[in-house]
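Remarks on the structure that follows.
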Amino acid sequence: MNKIMKLDRRNFLKAGAAVGGGLMLGFHIPAANAAPAKNAEINAWVVVGADDSVLIRVAHSEMGQGAMTGLAQLVAEELGCDWNKVRTEFVDPRLNITRNKVYGGMATVGSRAIRSSQEYVRKAGASARMMLVSAAASRWKVSAADCAVKEGVISHAASGRTLTYGAVAEAAAKIAPPTQVTLKDPATWTIAGQPKMRLDMDEKVTGKAFYAIDVRLDGMLYAAIAQSPVFGGKLKSYDETALKNAKGVRKIVALPNAVAVVADSYWEAQKAVRALPIEWNNGGNEKVSSASIATFLGEGLAAKDVPVARNDGDVEKVLASAAKTISAEYRVPYLSHAAMEPMNCTVRFNADGTLDVWAPTQNAEAILGAAARSSGLEPLKINVHLSYSGGGFGRRGGAAPGDYVDQAVAIAKAAGAPVKLVWSREEDIQHDFYRPISSAKMTAALGADGMPVAWNTRISGHSIMSTANPAAIKNNMDQGFLVLFHDNVYDVPNVKVDYAMRNTHVPVGYWRSVNHSQNAYFRESFLDELAHAAGQDPYEYRRKLLHKAPKQLAVLEACAKAADWGKPLPTGQFRGIAQIDGYGSYAAAVAEISMNADGTPHVHRIVQAIDPGYAVNPDAIKAQMEGSVAWTLSAALYGEITIKDGRVEQGNFDRYRMLLLNKMPKVETVVVPSGGFWGGIGEPGGPAVVPALINAMLAATGKPTRSLPIIKRGTTV
Amino acid sequence: MINLNINGKEHAVDVDPDMPLLWVLRDTLGMMGTKFGCGIAQCGSCTVQLDGVATRACATPVSAVASAKITTIEGLSADGSHPIQKAWVAHQVPQCGYCQSGMIMAVDALLKTTPKPTDAEIGAAITNICRCGTYARVRDAIHDIANV
């Protein structure tokens with residue numbers, strides 16, 4: 028036991044002991060493995076077994092962010108069941124069709140899994156509890172109001188009788204759901220709000236967790252693919268005689284912009300597709316390069332007559348007459364998602380006219396839609412098998428979630444057999460929907476007290492909405508591209524924000540933290556340049572500008588306090604600070620660094636604070652904040668997708684470099700939920716980290732860093 | 371036929387000698403715990419052990435491992451009872467989990483030769499890519515195991 032007690036960091040002994048005896052590790056024993064018991068569906072979300080097991084349905088995807096556990100905690104909290112008897116099941120998207128959208132939206136994007144569904148899933152839990160209590164009360168012929176619930180046991184104090192949920196589940200399922208449901212005060216939570224162990228841990232440390240890429244079917248063949256290297260290009264021809272003697276090859280499938288080779292094993296398919304001579308019609312974009320794109324965006328920074336998102340006061344007039352102005356241009360490159368599980372999809376056409384599909388996703392309904400569209404089958408004839416997703420980060424739920432599904436359907440149809448399509452890492456990195464390239468030109472005027480009196484911002488970049496949701500574009504304005512600027516809470520009397528939409532042929536999409544990832548860097552780094560020019564402490568500078576924004580101010584102060592802002596650091600170490608709001612939450616970061624001889628920073632420690640309103644699982648929140656640090660440091664230090672001859676130059680992790688463990692700083696996170704609202708977790712954590720780091724570099728060197736990645740700083744994007 | 375010793379069990383496989391061990395494990399033998407991430411030995415999702423040494427199976431031809439004792443995540447322990455697995459649960463290390471089989475196999479190999487690694491030794495040995503960014507917890511969990 029000593030060994031385990033030493034490992035106990037997060038209450039796992041307590042959780043384990045409750046499961047029952049022995050060296051339990053808090054592993055959840057799925058009820059499916061126990062003796063089969065009769066299950067009663069109380070409502071769409073809650074199924075209670077005669078053995079008291081509780082199955083909670085989860086409509087959102089689990090891609091690492093912990094939503095599966097957090098959503099189950101919310102339902103279980105209101106249900107009042109025994110948490111150790113809870114297991115979960117992903118919702119079959121067909122049920123959302125046949126049950127009239129009872130599961131709401133299934134898209135797991137925008138850090139919205141919990142905040143967008145918390146009310147209806149909590150109501151489902153509360154409603155189920157009321158039905159179970161009502162069933163017990165009827166059996167006892169007492170008032171439900173005189174019954175109490177604790178950990179799945181209903182009791183009637185006056186008579187001393189008890190019944191478990193399992194004993195009344197069948198009767199409860201027949202009761203009409205209540206029309207009035209009152210939710211618990213979060214201050215009284217005992218399951219939600221706690222750092223419960225994730226329900227997917229035991230599978231994920233034993234190699235048993237099931238991802239779509241792991242599916243194996245009788246008679247299944249494997250496909251590898253080569254897509255047009257130049258975006259927008261089409262397949263012209265290929266020379267199949269090159270594969271005449273290739274072992275294991277069963278079929279070559281031509282697609283409009285790709286060729287797939289189907290073989291007995293994935294390795295044979297991959298080897299064959301690489302050996303296949305292919306010619307492409309490049310479609311006219313084969314001369315585009317990073318340099319031509321930089322010129323295009325630079326022209327956007329200088330363009331006249333672009334749409335204006337915000338215009339407070341008279342920026343031009345104040346800037347023209349100001350004693351002191353500061354101007355800077357910032358640039359960020361395209362970035363790829365590079366989720367660890369490469370894009371894959373397995374498709375099986377069945378003799379009875381149905382279709383089975385497996386694919387990693389952030390939106391099971393989108394997979395269903397893509398499979399229906401590309402197969403021509405009715406959605407109800409398509410079974411989307413749900414699995415964990417090996418990362419997502421926006422690639423599997425955003426701009427075009429269906430590309431790999433469409434391909435797999437076409438390939439399986441042509442092959443006449445079940446086919447598993449797996450993209451190589453090179454295909455993944457070269458055929459992404461990239462975090463858009465973007466540039467900002469900012470000019471500010473400082474008053475006699477050093478505080479900004481005018482702030483003009485022009486952003487030039489490739490609109491995500493122009494392809495993901497064109498209806499959201501009005502007069503060439505993509506409001507989302509200007510987030511943190513059009514809604515900037517710093518109190519500056521004259522503010523102008525405008526946008527030059529400069530769309531290229533490179534596909535863009537949602538990349539974790541989306542436009543916050545670029546604009547936090549632009550805004551917060553430039554703000555530090557202003558504080559630096561004013562000779563003021565950047566934390567105190569922000570505090571003065573946030574006097575009308577109490578939530579942003581509170582999280583900034585919490586972060587500064589946790590980071591001991593103002594206390595001396597060892598010689599050669601420097602701090603930087605930044606704050607943002609986004610995805611319904613408020614976040615701040617402090618970076619502590621020293622400078623390496625080669626001009627790159629050594630990051631010693633990141634301290635972060637987040638106010639998500641309510642903290643459903645504080646440990647899962649910390650995990651997301653820690654992960655956001657690694658995500659964002661990869662991008663800031665190394666991340667860059669470049670274009671040459673119309674195509675992506677990087678192909679794998681050798682040239683698209685990732686942060687490794689040796690560069691991971693110590694991370695401390697303070698969670699400061701202030702209540703009254705529901706904020707997201709997956710994306711608010713990253714954006715403030717980059718400018719905190721950049722601002723620490725400014726403190727260390729006195730020089731701003733106006734383009735990323737840092738390893739290329741000083742050069743143009 | 372190539373004879374392989376995997377997790378203490380003998381397997382005879384009829385595959386091309388050039389086929390990487392990763393695909394023999396996954397496609398031929400159906401051992402799906404070892405993952406494909408990059409195919410060029412950069413990310414470490416496919417890490418297994420050959421005679422206890424961490425090895426990236428995606429770039430290791432099966433013909434080169436016929437004489438070795440191969441250990442995969444399935445051979446570490448089936449029930450999560452290995453000290454690394456316990457520490458991983460206690461620290462809630464995995465997020466998406468996809469890289470963790472390889473991460474755990476690399477950590478196990480490190481701890482065999484260096485039972486009490488420093489941060490620098492951990493950083494030098496554990497070069498697996500985790501896009502979810504579980505590195506800080508990986509490091510903390512390793513130190514906890516080492517201090518038991």
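Same order as they appear, the protein sequences are chains A and B. Residue 664 in the numbering used here sits at position 637 of the first sequence, and the numbers go up by one each step. Residue 423 in the numbering used here sits at position 53 of the second sequence, and the numbers go up by one each step. Cβ coordinates follow ideal geometry from the N, Cα and C atoms, glycine included.
What in chain A is Cβ-close to residue i, meaning under 8 Å?
| i | result |
| --- | --- |
| Gln419/B | Simply none; closest approach about 13 Å. |
| Ile372/B | The premise fails here: Ile372/B is roughly 14 Å from chain A at the closest Cβ pair, so nothing lies under 8 Å. |
| Pro390/B | Trp294 |
| Ser471/B | Gly234 |
Could you tell me the alpha carbon to alpha carbon distance between residue i and residue j, rounded to whole angstroms?
| i | j | result |
| --- | --- | --- |
| Asp35/A | Thr233/A | Because the pLDDT at Asp35/A is just 36, under 50, the model does not fix this residue reliably, and the point stays unresolved. |
| Trp294/A | Ala429/B | 11 Å |
| Asp525/A | Ile500/A | 14 Å |
| Glu178/A | Asp109/A | 4 Å |
| Arg423/A | Ala162/A | 43 Å |
| His574/A | Leu580/A | 7 Å |
| Ser655/A | Gly503/B | 7 Å |
| Ser451/A | Leu473/A | 52 Å |
| Ala382/B | Ser544/A | 51 Å |
| Leu328/A | Asn521/A | 20 Å |
| Asp638/A | Ser354/A | 32 Å |
| Arg529/A | Val74/A | 51 Å |
| Gly49/A | Ser437/B | For Gly49/A, the predicted structure reports a pLDDT of 29, less than 50, and the residue's modelled location is therefore unreliable. A value from the coordinates is still provided. In a straight line, the C-alpha of Gly49/A is about 39 Å away from that of Ser437/B. |
| Asp478/B | Pro453/B | 9 Å |
| Val280/A | Leu262/A | 11 Å |
Taking residue i and residue j to be in contact with their CB atoms under 8 Å, please state how far apart those CB atoms are, rounded to whole angstroms.
| i | j | result |
| --- | --- | --- |
| Ser612/A | Gly713/A | Contact flag wrong, Cβ pair sits at about 12 Å. |
| Tyr265/A | Val286/A | 5 Å |
| Gln92/A | Gly609/A | Not confirmed; about 16 Å, so no contact. |
| His13/A | Asp459/A | Because chain A in this structure spans residues 28 to 744, residue 13/A falls outside the shown range and cannot be described. |
| Thr404/B | Ala476/B | About 12 Å; that fails the 8 Å criterion. |
| Ile443/B | Ser471/B | 4 Å |
Which residues in chain A have a C-beta closer than 9 Å to the C-beta of residue i? List them in chain order.
| i | result |
| --- | --- |
| Val508/B | Leu688 and Met691 |
| Thr497/B | Leu687, Leu688 and Asn689 |
| Arg501/B | Gly91, His364, Ala365, Ala366, Met367, Gly417, Gly418, Phe420, Gly654, Ala657, Trp658, Ser661 and Met685 |
| Gly403/B | Thr233, Gly234, Lys235, Ala236 and Asp241 |
State the start and end residues of the unbroken beta strand (DSSP E) segment that holds residue i.
| i | result |
| --- | --- |
| Asn182/A | Residue identity check: residue 182/A is Ser in the sequence provided, not Asn. Unbroken beta strand (DSSP E) run through Ser182/A: Val180 to His183. |
| Asp763/A | With chain A covering 28 to 744 only, the question about residue 763/A has no answer from this structure. |
| Thr417/B | Thr417 to Leu420 |
| Tyr249/A | Leu248 to Gln254 |
| Arg114/A | Val113 to Phe117 |
| Leu190/A | Arg188 to Thr191 |
| Ile83/A | Val81 to Val85 |
| Phe704/A | Note, Phe704/A: premise wrong, no beta strand (DSSP E); not H, not E. |
| Ser354/A | Lys351 to Val359 |
| Leu448/A | Val446 to Val449 |
Kindly identify the DSSP beta-bridge partner or partners of residue i.
| i | result |
| --- | --- |
| Trp482/A | Ala471/A and Val522/A |
| Leu374/B | His381/B |
| Glu306/A | Ser264/A |
| Pro628/A | Met622/A |
| Glu68/A | Val74/A |
| Pro431/B | Pro390/B |
| Arg426/B | Thr417/B |
Taking residue i as the query, report the chain A residues whose CB atoms sit under 7 Å from its CB, ordered along the chain.
| i | result |
| --- | --- |
| Thr504/B | Gly654 |
| Glu444/B | Gly234 |
| Ile492/B | Leu688 |
| Ile474/B | Val232 |
Within the continuous alpha helix (DSSP H) that includes residue i, where are the two ends?
| i | result |
| --- | --- |
| Glu454/A | Arg452 to Gln457 |
| Ile604/A | Not the alpha helix (DSSP H): Ile604/A falls in the beta strand (DSSP E), residues Phe601 to Gly609. |
| Lys571/A | Pro565 to Leu572 |
| His412/A | Careful: His412/A lies outside any alpha helix (DSSP H), inside the beta strand (DSSP E) at Ile409 to His412. |
| Lys693/A | Run containing Lys693/A: none in the alpha helix (DSSP H); it sits in the beta strand (DSSP E), Lys693 to Val698. |
| Cys586/A | Pro577 to Ala589 |
Anything in chain E within Cβ reach of residue i, meaning under 8 Å, just list it in chain order.
| i | result |
| --- | --- |
| Ala448/B | Protein chains in the displayed structure are A and B, and chain E is not among them. |
Closer than 9 Å by beta-carbon distance: list the chain B residues that pair up with residue i, in chain order.
| i | result |
| --- | --- |
| Arg452/A | Phe406, Gly407, Cys408, Gly409, Ile410, Gln412 and Cys413 |
| Asp383/A | Within chain B, no residue comes near Asp383/A; the closest Cβ sits about 18 Å away, beyond 9 Å. |
| Lys748/A | As displayed, chain A neither begins before 28 nor continues past 744, which places residue 748/A out of reach and without an answer. |
| Ala269/A | Residues of chain B passing the Cβ test: none, with the nearest at roughly 18 Å. |
Quick one: which chain B residues come within Cβ less than 7 Å of residue i?
| i | result |
| --- | --- |
| Asp681/A | Ile410 and Gln412 |
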